Each structure stands twice: as C-alpha cells, then as structure tokens.
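Since the structure comes first, as structure tokens, the remarks are kept for the end.
Residue numbers (my numbering): 37 to 374.
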C-alpha cells in the first residue's frame, strides 16, 4: 500500500571521514520507518540485508566502509521503493572536482541515474588509489576538453592497462590557448580577466564547438562508453557547458543546472589556500585572479539564456549545431533516466 507523505526527497550523502558516510533525507512523515540498503553500484545494491534502519529520524551514519569502493544507497520507507543516492563528489586524492551528475530530478519527476555520467577537473594528479577507485566504478571513457598543449604539459594519469579509454576533444576557452592566459597571469597582466571575458568565453564554446559537444552526446549514447567522464582543466567552464547541455536535454530544470555549475566553486574553494599559494609563488596577488577560480550564477545565466535566445532550446541547439538527432536524444532519456 502506498502511503501519502511517505516519499523520500532531498536524499544526500556526505563524507564524514575515509570510512564513514552520513545519509540524510526529508519526508513529510515524522515517524517514518526507513531502511538503508547499499552496494558498490546502483545495480549491485543488496536488498536482502539493510545497512541501517531508522525510525523517527532522517539521518543514518554508516562506518567501517572500504575507502577504495564507491557506495550507492537506496533510502526506502517501509513498503515503498524509495530513492537511490550517493556522494556527489567522488573522493579522489588527485582531483578536486570529480563528481557524479546523477540524482538530479527532471521537470516530469524522473531522475538522472547515478553512476553513469561524471564531470571533472583535470586528472593529471591521480594517485594509484584514485586509479583503482575509477576502475572499481567501471569507468569506460574519459573525454578531455583541454587542448593538446595543456594535456601534454599535464597528461591525464589513467590506468596503463587501457581499461579506461581516453579521447581528446579540444576546446579553447576564450580566443587563445590556456597557456597564453596563464602566461599573462604569471606576468601580472590581469586586466583582461573580467566577468565579461568569462561569459563571452563560455558563449563562444556553444557557438564554435557544436560538433565537439555533439561528439560527447554520441559517445554517451553508446552503452559500452558508460560510465563516462568529461573534463577540462578546472572542471568549471568547458566542462560546465557540456554538463549543462546534457542535463537540459534530459529535462533537468535550469535552476538545477545552475546549481550544478556553482558546485564547482564550492569544491574548488575547499582547496583555495593551496591554489593561492601557487599563485603567490609566481609573484601574483591571488585577489587579482579570483574570478578564474569561482563559479557564480551570473557567470552562467547568460549561457543558458543564449541557448534559449539564439537556438530556441537545448534540443534545438543539439539538433542544429551539434548534429544530435531526436532519436539519440530520446535514447539518452530512455537510458539515463529512471
């Protein structure tokens, strides 16, 4: 029997330490009995033996977990299917912004599947443990939006057994190569670094790299490419434009897309002091280049507006500019929503 108010909403997972995760959720019923099931993938969740049971509460803490396994949880009220949830940020030692795009709700009530699409900053500093975790997650393909010059200087450190395929899909953020702007910063030349520059650079990605972005969609539509990850240098702009198009094409509301974009600023800010130390070592005041390391809504609202105003919708953009067919878009919804 279905009980009105028994639905679980806003289920999320937060890491307490290397071996402890806390699951939180919301429900209209205060005396709800909830079981927490877990597994190393959404398909491998063990429904025979709950990892925790909670009554009259909305939090469960699970300890003694293997830090080299990514866990997914089903939060299920008694007699109800519940919802699947996981950590948004994958706890890699060599990446600050590698995160799962699952769990977001669409306008019609569906949800993006967890464990299928990941967005990230560069993977040049992955540790052996990081590589093992990506393999445990079943990662199949990594798409790198950095230019050849960037990736040559900071090559992705993926497993050398070719278990994860690598594809370079270069996108230039701005009018010149990434190194050009880094060199200017190193010289203390930062007058070019404005909000207008950041906004225009992201819009330029849409207008000039439709084929590249469409390539990601075509790869994503192939089951043997999933789970898939795509990234640039910091995982914010080039990656953010692609992530926005994917979420919008699946029916995720614009406000959620903005939230996802802004998470880059949240996760990067946790390492801000390390970033500032690197900038100071080059003789540059970190405050003068702060725009390069934040992600706020007003950076990205114009991008979403541009999709709507210039192309009518994300679907129209993908059809007309990126060469993605309606058949592919429908397939992606079928494969990536639940």
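All C-beta atoms in this analysis are idealised placements derived from N, C-alpha and C, irrespective of residue type, glycine included. Values in this document were obtained by computation on a predicted structure and should not be read as measured data.
### Query
When you compare each of 113, 297, 76 to residue 61 by their alpha carbons, which one comes out closest?
Per the Cα distances, 113.
### Query
Is the distance from the Cβ of residue 205 to the Cβ of residue 277 below 8 Å?
Cβ distance not < 8 Å, so residue 205 and residue 277 don't count as in contact.
#### Entry: Secondary structure of residue 125, DSSP reduced to three states
For residue 125, the secondary structure class from DSSP, reduced to helix, strand or coil, is strand.
### Query
Which partner residues does residue 254 have in the DSSP bridge list?
None, per the DSSP bridge assignment.
### Nearest neighbour of residue 85, chosen from 97, 72, 321 [CA to CA]
Considering only alpha carbons, the answer is 72.
#### Entry: Proximity below 8 Å, CB of residue 263 to CB of residue 152
In contact: residue 263 and residue 152 (Cβ atoms closer than 8 Å).
### Query
Between the stretch 267-283 and the stretch 143-163, are three or more C-beta pairs nearer than 8 Å?
By the Cβ rule, the stretch 267-283 counts as touching the stretch 143-163, because three or more pairs are nearer than 8 Å.
### Message
The beta strand (DSSP E) that contains residue 101, what's its start and end?
### Response
From DSSP, residue 101 is part of no beta strand (DSSP E); its letter is neither H nor E.
### Task
Please list the segments of the alpha helix (DSSP H) lying wholly inside the stretch 121-165, counting only runs of 4 or more residues, in order along the chain.
Secondary structure remark: continuous alpha helix (DSSP H) runs of at least 4 residues inside the stretch 121-165: none found.
### Query
Say the cut is 7 Å; is the CB of residue 148 nearer than that to a heavy atom of the ligand MN?
This structure lacks the ligand MN, and indeed carries no ligand of any kind.
### Backbone CA spacing between residue 212 and residue 196 [nearest angstrom]
Computed Cα separation, rounded: 32 Å.
### Task
Compare the C-alpha of residue 218 against each of 59, 319, 352, 44 and name the closest.
Minimum Cα distance to residue 218 is reached at 319.
### Task
Compare the beta carbon distance of residue 5 and residue 360 with 8 Å and say whether it is the shorter of the two.
Residue 5 lies beyond the stretch modelled for the chain, which goes from 37 to 374, so this question has no answer here.
### Task
Tell me where the alpha helix (DSSP H) around residue 312 begins and ends.
Residue 312 -> alpha helix (DSSP H) spans 308-316.
### Task
Excluding the 5 residues preceding and the 5 following residue 58 in the sequence, name in chain order all residues of the same chain whose CB lies nearer than 6 Å to its CB.
Scanning its chain for C-beta atoms nearer than 6 Å, with the 5 sequence neighbours on each side dropped, one finds around residue 58 the residues 50, 52, 97, in chain order.
### Residues near residue 362 by beta carbon distance below 6 Å, same chain, minus five either side
So no residue of the chain qualifies.
### Message
Give me the residue from 169, 90, 56, 80 with the minimum Cα distance to residue 65.
### Response
Residue 90 is the option with its Cα nearest to residue 65.
### Exposure label - residue 83; buried when at least 16 CB within 10 Å
Exposed.
### Query
What residue range is occupied by the uninterrupted alpha helix (DSSP H) comprising residue 237?
For residue 237, the enclosing alpha helix (DSSP H) has its first and last residue at 231-244.
### Task
Specify the secondary structure class of residue 348 as computed by DSSP and reduced to three states.
In the structure shown, residue 348 sits in coil (DSSP, three-state: anything other than H, G, I, E or B).
### Message
Checking 8 Å against the spacing of the C-beta atoms, do residue 374 and residue 146 come in under that value?
### Response
Contact: yes.
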